[in-house]
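Trainee:
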Amino acid sequence: MENKKILFGLYDDEQILLDAVKEAKDGQLDIYDVYTPFPVHGLDPLLELSESRLHIVGFFFGVVGALTAFLGMTWIFTDEWPMIIGGKPYWSVPAFIPITFELTVLFAAFGMVFVFYAVNGLSPRAHTEVLHPRLTDDRFAIAFDTSVSSNEEISRLEKFFERSGAEVHIKNLK
Amino acid sequence: MSAIVSPVRQPLITGSKTYHQITEDICAPTEKTPSLTWIIAFAVSVTLLSFGVFCIIWTIWFGIGTWDLNRTIGWGWDITNFVWWVGIGHAGTLISAILLIFRQKWRTGVNRAAEAMTIFAVLCAALFPGIHVGRIWLVFYFFPVPNTRGPLWVNFNSPLLWDLFAISTYFAVSLLFWYMGLIPDFATMRDRATGIRKKIYSTLSFGWVGSAKHWQRFESMALILAGLATPLVLSVHTIVSFDFATSVIPGWHTTIFPPYFVAGAIFSGFAMVLTLMIITRKVLGLEDYITIAHIESMNKVILVTGTMVGTAYITELFVAWYSGYVYEQFAFLNRAFGIYWWAYFAMMACNVISPQIFWFKKMRQSIFVTFIMSIFVNIGMWFERFVIIATSLARDYLPSSWSYYTPTWVEIGIFVGTLGIFFTCYLVFTRVAPVVAIAEVKSILKSSGDQYLQVNKEHYEQVLEEEVRNNKQTVDA
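Chains as they are written, first to last, in this note's numbering: chain A, 599 to 772; chain B, 5 to 481.
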């Protein structure tokens, strides 16, 4: 990945941040990202983020889990090694329900969490560069990618930060 | 700026905290050298743990003949402890999943520690089925793995196998849920740390930066995971109860078992959370985050579930009488007045009668009373499992094989050892991870912090006063 020159402003309250994001959006500024120490409600619609589709992933994995368990048990008990247990039929569906349920949950949960890590690029070996150490503490940031911006554009962004009361920083991301 | 919250709500964060103070307060215990209390507690826990390991090795070496089980009473302390620990392991996911769905804000103060406790409790529980089979080297028979024994598979119709699936799924999903919540907090700790600590937390935090899209996905996933974990929690103890309910032993063969076990599990789980939280908040100085309001909420849960459990006990007796079935009637008469009458009365006193004290607000808010009660409930719930298991078995079908059971030192040692494992894990946890979910507590600061609630309250009173004045003017006019 090529270097990115990130211009970002720090705010110390989520309400000021929300107002600033709104202003930036109204002013047609191209926000690179917003960083917050905790989920700020009301930010997603302002940034026009589309709704997360992780629930579809969860559903898909859940179906896979349910089928694995149910078809697996069916195969084992009717084909692979049919056994009469307590006079029950080989294919005793009600007895298969608990394990089918457990594997549905297991697959859905694991599938969803691993997809979550993957799409967010999170992993134990991920070396994300931190813009500012206080961003996971008590600061909120709006960041702009100014790698290819002209000086005019940068000064426009700086003015915006000045107006909205932010502390301006620049950092190069590798 | 603060959110609109009813003025009757109690603050959940006291001491007029700022975001930065929250970070400081919660990270502090992991950044200091351990206190003397911690070192002593740790030494005691590790000693217990070692004794437990010794007893487990003893059991494996000499066989379960070293336990006092006999042909009549085939399940004793082992399964009692197993069910007890699984029950305790219910509070964590209940708090983080069900209370998340119900949008209970007080959840944020205690969910992290409760989830950790869940994981350690399930770990202790899982130990017992492993060692009680006797020949631990054949323990892989538990698992449905392709094999050269025929291939002979496990019995998918057996509740014992369902239990294996339920417990392992519960453990895995709880761990996943817990770790996911820890990631943003590990990132906070990474950004405060230097040197080797920074490297470790950098790995643990998976490179979290708190981008808006990540938070959105994070919240969306937390909600779905909670939705999945909710039926999961309820299924786990339901399936544990199937171990008993699907058998043909009078006293076990009861359809009331699943809801009754689940209520009991929540009951004992919350008791253990309270025991731990009362100590933790004091020792780590987190009284501003785990407040009396939190304790009171949990006491309400204890009162409700304790009463549910009590209702179940009485329903069992009623149904035994109403069934007109003499063997069932005998099983319950024997339970209450037979050789183990003392266990039954200990159970009744601790689980049904004593929690009624929480009808009084003053008692719910007393830390001392809560602490004593939480210990009582832990004891009572242990006895409940012992009563169900041992008394039902002690008087079986043939009077000639009736028997009595007392544990040996090995069995007691293993139980004490699991307490050691549990507390050792918990103590290590308090040193390496934030005990309170930092990001989640911050997200409720503006709606539940005392300074914001105070503003709300003043505003509300002012509005109310104006309203009254206006009304009066209209009336006068």
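Just so you know, even glycine gets a beta-carbon here, dropped at the ideal spot from N, CA and C. In this text, all values refer to a predicted model and were calculated from it rather than measured experimentally.
Apart from the five residues on each side of it in sequence, which residues of its chain come closer than 8 Å, Cβ to Cβ, to Arg4/B?
Mentor: Nothing in the structure corresponds to residue 4/B, since chain B is present only between 5 and 481.
Trainee: Taking its Cβ as the centre, do 16 or more other Cβ atoms sit within 10 Å of Asn85/B, making it buried, or is it exposed?
Mentor: buried
Trainee: What does a CB cutoff of less than 6 Å around Tyr348/B pick up in its chain, not counting 5 residues either side in sequence?
Mentor: Contacts found: Arg339, Ala340, Val391.
Trainee: Just to confirm, are Ala398/B and Ser407/B a CB contact at a threshold of 7 Å?
Mentor: yes
Trainee: Would you report the Cα separation of Asp292/B and Asn718/A, rounded to the nearest angstrom?
Mentor: For Asp292/B and Asn718/A, the distance between alpha carbons rounds to 34 Å.
Trainee: When Cβ atoms are compared, which residues of the segment 705–734 of chain A fall closer than 8 Å to chain B?
Mentor: Ala706, Ala707, Phe708, Met710, Val711, Phe714, Tyr715, Val717, Asn718, Gly719, Leu720, Ser721, Pro722, Arg723, Ala724, His725, Thr726, Val728, Leu729, Pro731, Arg732, Leu733, Thr734
Trainee: Work out the CA separation of His136/B and Asp72/B for me, nearest whole Å.
Mentor: Distance between the alpha carbons of Asp72/B and His136/B: 12 Å.
Trainee: Hey, Phe705/A and Phe659/A are a contact pair by Cβ (cut 8 Å); roughly how many whole angstroms apart?
Mentor: Indeed, because the Cβ distance is near 5 Å, the residues count as touching under 8 Å.
Trainee: Would you kindly work out how many angstroms separate the C-alpha atoms of Trp88/B and Val420/B, rounded to a whole number?
Mentor: 13 Å
Trainee: Between the segment 630–656 of chain A and chain B, which residues of the former have a C-beta closer than 7 Å to a C-beta of the latter?
Mentor: Asp631, Val632, Tyr633, Thr634, Pro635, Phe636, Pro637, Leu641, Asp642, Leu645, Leu647, Ser650, Leu652, His653, Gly656
Trainee: When you check each C-beta in the segment 682–695 of chain A against every C-beta of chain B, which residues fall closer than 8 Å?
Mentor: Correct list: Ile683, Gly684, Lys686, Ser690, Ala693, Phe694.
Trainee: Establish whether the CB of Tyr264/B and some CB of chain A are separated by less than 7 Å.
Mentor: no
Trainee: Mind checking if Gly214/B is an interface residue toward chain A, Cβ cutoff 7 Å exclusive?
Mentor: yes
Trainee: Quick one: measure Cβ to Cβ for Phe175/B and Ile123/B, integer angstroms, because I've assumed they're closer than 8 Å.
Mentor: 7 Å
Trainee: Which residues does DSSP list as the beta-bridge partners of Lys769/A?
Mentor: Ile604/A
Trainee: Can you tell me whether His463/B is buried or exposed? The criterion is at least 16 other CB atoms within 10 Å of its CB, across all chains shown.
Mentor: Exposed.
Trainee: So is Asp195/B in contact with chain A if we call contact Cβ pairs under 7 Å?
Mentor: yes
Trainee: List the residues of chain A that Ala170/B touches, going by C-beta distances under 8 Å, in chain order.
Mentor: Pro696, Glu700
Trainee: Taking the straight line between their C-alpha atoms, what separation do you get for Phe261/B and Ala249/B?
Mentor: In this structure, the alpha-carbon of Phe261/B lies about 6 Å from that of Ala249/B.
Trainee: Using beta-carbon positions only, say whether Leu179/B and Phe190/B come within less than 7 Å of one another.
Mentor: It is not a contact, given that the beta carbons lie outside the stated cut-off.
Trainee: Would you mind stating whether Trp166/B and Ile697/A have Cβ atoms separated by less than 7 Å?
Mentor: yes
Trainee: Verify whether the separation of the beta carbon atoms of Asn474/B and Arg368/B is less than 7 Å.
Mentor: no
Trainee: Which term fits Lys21/B, buried or exposed, when burial requires 16 or more other beta carbons within 10 angstroms of its beta carbon?
Mentor: Buried is the call here.
Trainee: My output table needs one value for Val638/A: the three-state DSSP class, helix, strand or coil.
Mentor: coil
Trainee: With distances taken between CB atoms, is the gap from Pro635/A to Thr734/A smaller than 7 Å?
Mentor: yes
Trainee: Nearest CA to the CA of Cys354/B: which residue from Trp325/B, Tyr317/B, Ser54/B?
Mentor: Tyr317/B
Trainee: For Trp679/A, go through chain B and note every residue whose CB falls closer than 7 Å to its CB, in chain order.
Mentor: Scanning chain B for C-beta atoms nearer than 7 Å to the C-beta of Trp679/A yields Gly154, Pro155, Leu156, Trp157, reported in chain order.
Trainee: How would you write the range of the alpha helix (DSSP H) that Ile77/B sits in, first residue to last?
Mentor: Ile77/B -> no alpha helix (DSSP H), and no H or E assigned at all.
Trainee: When the Cβ atoms of the segment 36–52 of chain B are set against those of the segment 747–762 of chain A, are three or more pairs found closer than 8 Å?
Mentor: no
Trainee: Short of 7 Å Cβ to Cβ, which residues in the segment 231–265 of chain B face chain A?
Mentor: Leu232, Leu236, Ser239, Ile243
Trainee: Sort Leu644/A, Phe699/A, Ile682/A by Cα distance to Val632/A and report the nearest one.
Mentor: Closest by alpha carbon: Leu644/A.
Trainee: Which one of Asn115/B, Phe274/B, Glu388/B has the shortest CA to CA distance from Met352/B?
Mentor: The residue from Asn115/B, Phe274/B, Glu388/B with its alpha-carbon nearest to that of Met352/B is Glu388/B.
Trainee: Leaving out five residues on either side along the sequence, give the residues of the same chain with a beta carbon under 6 Å from the beta carbon of Glu300/B.
Mentor: Within the same chain, Arg368, Gln369 come within 6 Å of Glu300/B by CB-CB distance, once the 5 residues on both sides are set aside.
Trainee: Measure the beta-carbon distance from Thr97/B to Phe169/B and round it to whole angstroms, keeping in mind my assumption that it falls under 8 Å.
Mentor: With 8 Å as the limit, Thr97/B and Phe169/B do not qualify as a contact, their Cβ atoms being about 16 Å apart.
Trainee: Counting along the chain, where does the alpha helix (DSSP H) carrying Ile425/B start and finish?
Mentor: Element bounds for Ile425/B: 413–436.
Trainee: Are there 16 or more other CB atoms within 10 angstroms of the CB of Trp81/B, so buried, or fewer, so exposed?
Mentor: buried
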